[in-house]
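Visitor: Here it is, the structure in full.
Number of protein chains: 2
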Amino acid sequence: MPPELVNVFKALAHESRLRLLGLVAQREHSVQELAAAVGVSEPTASHHLALLRDLGLVSRRVEGNTHWYGFEGDALRDIARQVLTREGVARLADQTPRRDSPEAVITNFIDAEGRLTQIPAARKKRHAVLAWLVRKFDDGRRYPERELNEMLLRFHWDSATLRREFIGYRMMARERGVYWRLPEADWRAADSAAPID
Amino acid sequence: MPPELVNVFKALAHESRLRLLGLVAQREHSVQELAAAVGVSEPTASHHLALLRDLGLVSRRVEGNTHWYGFEGDALRDIARQVLTREGVARLADQTPRRDSPEAVITNFIDAEGRLTQIPAARKKRHAVLAWLVRKFDDGRRYPERELNEMLLRFHWDSATLRREFIGYRMMARERGVYWRLPEADWRAADSAAPID
DNA sequence: CATCTAATTAGATATACATCGATATAAAGG
DNA sequence: CCTTTATATCGATGTATATCTAATTAGATG
Chain A
42 MPPELVNVFK ALAHESRLRL LGLVAQREHS VQELAAAVGV SEPTASHHLA LLRDLGLVSR
102 RVEGNTHWYG FEGDALRDIA RQVLTREGVA RLADQTPRRD SPEAVITNFI DAEGRLTQIP
162 AARKKRHAVL AWLVRKFDDG RRYPERELNE MLLRFHWDSA TLRREFIGYR MMARERGVYW
222 RLPEADWRAA DSAAPID
Chain B
42 MPPELVNVFK ALAHESRLRL LGLVAQREHS VQELAAAVGV SEPTASHHLA LLRDLGLVSR
102 RVEGNTHWYG FEGDALRDIA RQVLTREGVA RLADQTPRRD SPEAVITNFI DAEGRLTQIP
162 AARKKRHAVL AWLVRKFDDG RRYPERELNE MLLRFHWDSA TLRREFIGYR MMARERGVYW
222 RLPEADWRAA DSAAPID
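Going down the list, the sequences are from chains A and B.
For the first sequence, the working numbering assigns the number 42 to the initial residue and increments by one for each residue that follows.
For the second sequence, the working numbering assigns the number 42 to the initial residue and increments by one for each residue that follows.
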C-alpha cells in the first residue's frame, strides 16, 4: 500500500529530513555520519530516518552495528508525477478525506471509477453520499432536468431517486424543471431532517 | 525569487491545504465555498489560502467583496521536476542550510554555479568554506593529487591553497601524493586549530 | 451615510512534533 | 561473559502552528 500523500509531504516538510534525504541520495551513509552532517544528535537523526523509512523514502542495510541508509526513489517519483499536471492536483480535492468525517463514509459506496455502487439506506450514510454527490454540481448554476439527469447517470443508474433525494434533503431546489444547489449551510447540520419518501 | 523548497513542502503537509489546492485546481472558488467544502471556518480557510498565495501556489482575483482563488501550477511543477531524479534529490543536501550554522556562511562565497568566488581570510569563515568543500569528496576514497586537483579546479582556480588548507585544518591527510578525507569528528570542533601557514 | 456582506486580521487556546539526555538493545571483540 | 560501539527507544520539554471567536477592513447597496 503506497503511503498517504499528505504524510509524504509532512516527511519532506522539515529541513533536517530534506538534507538527510539529499545525503542518502548521494550515497549510503551511517547514522553517525548523517547526524554530524545535518547537525543534530544521533537519536534525532535516528528518529527522522525511521520516519522516512516507514514511508519507503529511504532504505536500510544493516552491517554489524552499523546501519547504512540509502535512497528509495520510487515513492517520491510517483508523487512528483501526480503534481506535475493540473488534473493530478485537482484529484487532491477528493482524496485525503478527514478521518471520522462524513466523507469517510462514502469511500465504502464508490468504486475505483468514482461511480456509486449503491445508494445507502441508512439515513446518515445516505446523507453523506448525497452531500458528496451534490458538491459535484456548480453552486449558483441552473441545471435543466435533462442535464442534471445526464450528470447523475455518470454516477448511478437510478437518477430519479437521486433527484428526489436532493430535493428531500434540501440540497437542491426545483422550479419548472430547472434545478439548482441550495446553500450548504441550509442542509449541513440537518442530518436529522426527514426525507420526503 | 522562488520560494524555499522546504516551505512549499510545509504548505503541502496539511490535509486542508491539499484539498484547497485540489479544489482551486478544478476551478476558481470563493473563500466561503472553500471553507464549506473543506470543513473549516472561513478565517481558517483564509489563513491557509494566504499561506498558499505567499508561496505562489494559488492566485487571487478580487471581484467586489468576493475573492476568487485559482490555481498557479508553475511553482509546484518546478519542484516536482527537481525530485523526479536522484540527482535532483541529492542536491537537497546542500540546500536548506540552517540559519546561523557555519554553512550559512558559505552562501556568501559561492556563486550561482556553485563555484567559490573567493577563499575567505577570516579563520572561522575559511573553516566553514573548507568544511563545505571537503564534503564534496567521498569518505574513505583515496584521491591521487592529479584527481584532487581536477576536482578542486571546478570550484576555484587556486587549488594549491585549497590542498594546503585541507591538510592544515586536518580535514585531509596526504601520503606519497595520495589524499583522503579524515573523520569529521577530528576537525569539527577544531575551529580554533591553527592553520599551517 | 447606514447597512449588509465577504474576507481578513488579532488574540487566545490547543495540539502536534522536534529535540535531547538517559536508558535499552544488539552485535563484535577480547 | 564483560566491554565497547552503533542504533534505537523512552520520557520530558519547548516551539511551531492550526483553529476558533471576536473585531476590523473594504466593497456594494439602499
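Note that beta-carbon positions come from the ideal geometry of N, C-alpha and C, so glycine has one too.
#1: If we call anything under 9 Å between Cβ atoms a contact, is A:ARG69 one with A:ARG102?
#2: In chain A, which residues lie less than 7 Å from B:GLY105 when you measure between Cβ atoms?
#3: Rounded to whole angstroms, what is the Cα-Cα separation between A:VAL79 and A:LEU171?
#4: For A:ARG60, count neighbouring Cβ atoms within 10 angstroms of its own Cβ and tell me buried if that reaches 16, exposed if not.
#5: Return the CA-CA distance between A:GLU56 and A:THR107, expressed in angstroms with no decimal places.
#6: 9 Å is my cut-off, CB to CB: does A:LYS240 come that close to chain B?
#7: Around the Cβ of A:VAL219, are there at least 16 other Cβ atoms within 10 angstroms (buried) or fewer (exposed)?
#8: Can you find a CB in chain A that lies within less than 9 Å of the CB of B:ASP238?
#9: According to the Cβ coordinates, are B:ARG122 and B:GLY129 closer than 9 Å?
#10: If I measure Cβ to Cβ from B:VAL175 and keep anything under 7 Å in the same chain, skipping five residues before and after, which residues do I get?
#11: DSSP on A:ARG132, reduced to helix/strand/coil?
#12: If A:VAL124 and A:PHE112 are in contact, beta carbons under 8 Å, what's the gap, nearest whole angstrom?
#13: Considering only the alpha carbon of each residue, which of B:ALA86, B:VAL81, B:ALA116 and B:ARG183 lies closest to B:LEU96?
#14: 9 Å is my cut-off, CB to CB: does A:ALA66 come that close to chain B?
#15: Please list, in chain order, the chain B residues whose beta carbon lies closer than 7 Å to that of A:VAL124.
#16: Assuming A:ILE54 and B:PHE50 make a contact with CB atoms under 8 Å, what is their CB distance in whole Å?
#17: Note down the Cα distance separating A:TYR210 from B:SER71, rounded to an integer number of angstroms.
#18: Under the three-state reduction of DSSP, which class applies to B:LEU157: helix, strand or coil?
#19: Scan the stretch 66 to 89 of chain A for residues whose Cβ lies nearer than 8 Å to a Cβ of chain B and list them as they occur along the chain.
#20: Quick one, are the C-beta atoms of A:LEU189 and A:HIS197 less than 9 Å apart?
Guide: In terms of the structure at hand:
#1: Just to set this straight, residue 69 of chain A is Glu in the shown sequence, not Arg. Yes, Cβ-Cβ distance for A:GLU69 and A:ARG102 is below 9 Å.
#2: By Cβ distance, chain A contributes nothing, its closest Cβ being about 14 Å from B:GLY105, past 7 Å.
#3: 50 Å
#4: buried
#5: 24 Å
#6: Residue 240 of chain A is absent from the model: chain A starts at 42 and stops at 238.
#7: exposed
#8: Reliability fails at B:ASP238, whose pLDDT of 37 lies under 50, so the model's placement of it is uncertain and no value is given.
#9: yes
#10: PHE207, MET212, MET213 and ARG222
#11: helix
#12: So it is not a contact: roughly 20 Å between Cβ atoms.
#13: B:ALA116
#14: yes
#15: LEU117 and ALA121
#16: A small fix is needed here, since residue 54 of chain A is Ala in this sequence, not Ile. Sure, about 4 Å apart at Cβ, within 8 Å.
#17: 24 Å
#18: strand
#19: ALA66, GLN67, ARG68, GLU74, ALA77, ALA78 and GLY80
#20: no
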